[in-house]
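Numbering (the working numbering), first residue to last: 9 to 365.
Structure representation (structure tokens):
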């Protein structure tokens, strides 16, 4: 359906709307649908990739039984599609003693936080839904929105394991946002802008113009941010809120079917967001590593997505390399190590900039 056809359909279906009001609806509806498709495809790809990466790490073959045709079947290409169909067909159970309204609302609150954060990610030179002059600050702010949903999910389930998981998750995310934000301050100090596109333009001189390579302090800031980002997305070894051996499933213990799947849709969307911020702030965004070459619109999308996928692969690699931390170890890493290092880095970048420009 073209935009003109959609406009006429809305005009006929809702005659009480004026022409300008229909245009406003279209301006909101079209980017929202496109964004949801990006998040859905991202989840499909990353779930399949996670299965294959984990299989590779454990010397297995991974999904094999799903696919189309004689050759595709052996790769299990439709495994995540089959999983989605399975979840759609499952019964949606709401516990008898749960707070029904909050229980239903929680998964969507978590998803909305990830959904509205993707709006400010620059996927290419001209491919960004909202190029805000406070882009990096906006993403840091709205990505915290999901904490509310996690607490709601834990409390409304009327289950002690869910409540413990929700409280752990809130404490973890709020704690690790501090070193993550302080690490991004070094980016803001160097670029003197909060705009995501402005930060990328600052790194337009090729590989060695990327902020991660601009000084030793910038590299340390990138490492601190990436560790904090893994913790913010509840990925192993920081998956304390949903530790199966302690809390069954954590905050989503009582969920099933599509509501359960929204938690993992949000997790992979958050991985996209935190890796997108890392790529934008430290790895040149959509800029080519070779100055003056491969910087067209098509190449810019390729570079941005490739860098994100590389960081996502590192996240998966970390998951299957390190054991889960204890709660006290989790908090010690944040408050005793990452936070002081991030604060020191701010002064280090300032002194480095004054001396070397």
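Every residue gets a Cβ at the ideal spot worked out from N, C-alpha and C, and that includes glycine.
Per DSSP, residue 230 is one residue of the alpha helix (DSSP H) stretching across 224-240. For the pair residue 70 and residue 246, the Cα-to-Cα distance works out to about 24 Å. Counting other Cβ atoms within 10 Å of its Cβ, residue 234 reaches 16 or more and is therefore classed as buried. Between residue 354 and the set 33, 121, 190, the nearest pair of CA atoms involves 190. Separation of residue 291 and residue 218 (C-alpha to C-alpha, rounded to the nearest whole angstrom) is 5 Å.
Scanning the region 103-154 from its first residue to its last, the whole alpha helix (DSSP H) runs of 4-plus residues come out as 108-126, 143-150. For residue 221, no alpha helix (DSSP H) run applies, since DSSP gives it neither H nor E. When DSSP states are grouped into helix, strand and coil, residue 317 belongs to the helix group. Leaving aside the five residues that flank residue 261 on each side, the residues in its chain whose CB is nearer than 8 Å to its CB run, in chain order, 165, 167, 169, 170, 173, 255. For residue 357, the uninterrupted alpha helix (DSSP H) run begins and ends at 347-364, by DSSP. The residue from 32, 275, 85, 59 with its alpha-carbon nearest to that of residue 177 is 275. The beta carbon of residue 59 sits closer than 7 Å to those of 70, 71, 87, all from its chain and outside the five residues before and after it, given in chain order. The beta carbon of residue 280 sits closer than 6 Å to the beta carbons of 50 from its chain, once the five residues preceding and following it are set aside; these are given in chain order.
The C-beta separation of residue 114 from residue 157 comes to about 5 Å, placing the pair in contact by the 8 Å criterion. Annotated three-state conformation of residue 210 is helix, per DSSP. The beta carbon of residue 322 sits closer than 8 Å to those of 234, all from its chain and outside the five residues before and after it, given in chain order. In this structure, the CA atom of residue 298 is about 9 Å from the CA atom of residue 216. Residue burial is scored here from C-beta neighbours: residue 109 has fewer than 16 other C-beta atoms within 10 angstroms and is therefore classed as exposed. In this structure, residue 266 and residue 100 form a Cβ contact; the two beta carbons are roughly 7 Å apart against a cut-off of 8 Å. Here the region 197-216 does not lie against the region 316-331, with fewer than 3 beta-carbon pairs under 8 Å apart. The DSSP-derived three-state label of residue 98 is coil.
Using a Cβ distance threshold of 9 Å, residue 66 and residue 139 do not count as a contacting pair. Between residue 150 and residue 124, the beta carbon gap of about 5 Å places them in contact (Cβ cut-off 8 Å). Residue 121 sits buried, since 16 or more C-beta atoms from the chains shown fall within 10 Å of its C-beta. Residue 334: not part of any alpha helix (DSSP H); DSSP gives it neither H nor E. Excluding residues up to 5 positions away in sequence, 287, 291 lie with their Cβ nearer than 7 Å to the Cβ of residue 315 in the same chain.
Residue range 168-199 is occupied by the alpha helix (DSSP H) that includes residue 176. In the structure shown, residue 298 falls within a coil segment according to DSSP collapsed to helix, strand and coil. Between the C-alpha atoms of residue 85 and residue 271 there is a straight-line separation of about 22 Å. Residue nearest to residue 325 within the set 55, 62, 42 is 62 (criterion: CA-CA distance). Taking the CA atoms as reference points, residue 89 sits about 37 Å from residue 192. Take the alpha-carbon of residue 263 and the one of residue 102: they are about 7 Å apart. Sixteen is the threshold: when 16 or more other Cβ atoms of the shown chains lie within 10 Å of the Cβ of residue 284, as they do, the residue is buried.
With fewer than 16 other Cβ atoms inside 10 Å of its own Cβ, residue 29 counts as exposed. Taking C-beta atoms under 8 Å as the contact rule, residue 132 and residue 305 qualify, at a distance of about 6 Å.
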